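Taking it in order: structure first as structure tokens, then the write-up.
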Amino acid sequence: MECQMKKTDKWTGQGSGLMVKEDKSSKYYHEAEKLMKSYRAIALSIDRNMQMIQSKFQLLYDQNIDTFLDKVYACGMEFCDDDSGVQCLIESMRFKRNRLLMVKECVRTIAKTHPQGREITTVLFYSYMSRNRYKTREKIEKTSAALEMPVSQTKFYQWQNEGLWLLAMLLWGEDRENGEKTG
């Protein structure tokens, strides 16, 4: 990310005089940022859809989906129900839920292994993963309260950028220096 003070460029971000210009050459940053910007909406959508599927499943089979599928899979069987369309919906929701769990695991890995893991993951949580969408000032205030220390806007964005890069590295194996896959 590049910080400048030009009026002719397209700027993103708001704050007290610091303007942040998007760096289009940074592929890994934008992939992780795009993923994380959609995280909250995907998580809420999955919750709503799972509730809807659960209701339909309960009416059709008089059982909880997860309990039923656990029993079916434990017996080495597969669930096949093409007539009601529930199977397709269940598999789709499980696929999406597993992808979100993969992101959560990467965030946990950052928290456990990075020297500033607690700070970085707190910023990622309030920026992207919380059920509530906060304005920049609120994100910084929430982060400061959670970390029990003052956090500047500059430090907040440094942690956010580092977190997005680490996520990209863990999810896709992107190498910051080479822009190549590492694994």
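Residue numbers in the sequence shown follow this note's numbering, run continuously in steps of one, and reach 200 at the last position. All C-beta atoms, glycine included, are put in the ideal place defined by N, C-alpha and C. Remember, predicted model here, so these are calculated numbers, not experimental data.
A direct Cα-to-Cα measurement between K88 and T153 gives close to 46 Å.
Straight across, the Cα-Cα distance linking G134 with R125 is about 9 Å. For N149, there is no enclosing alpha helix (DSSP H), since its DSSP letter is neither H nor E.
The alpha helix (DSSP H) runs of length 4 or more contained entirely in the stretch 152–196 are, from start to end of the chain, 153–164 and 170–189.
The beta-carbon distance between G180 and I137, rounded to whole angstroms, is 4 Å. This is short enough to meet the 8 Å contact definition. In its chain, beyond the 5 residues on either side, M110 have a beta carbon closer than 6 Å to the beta carbon of N66.
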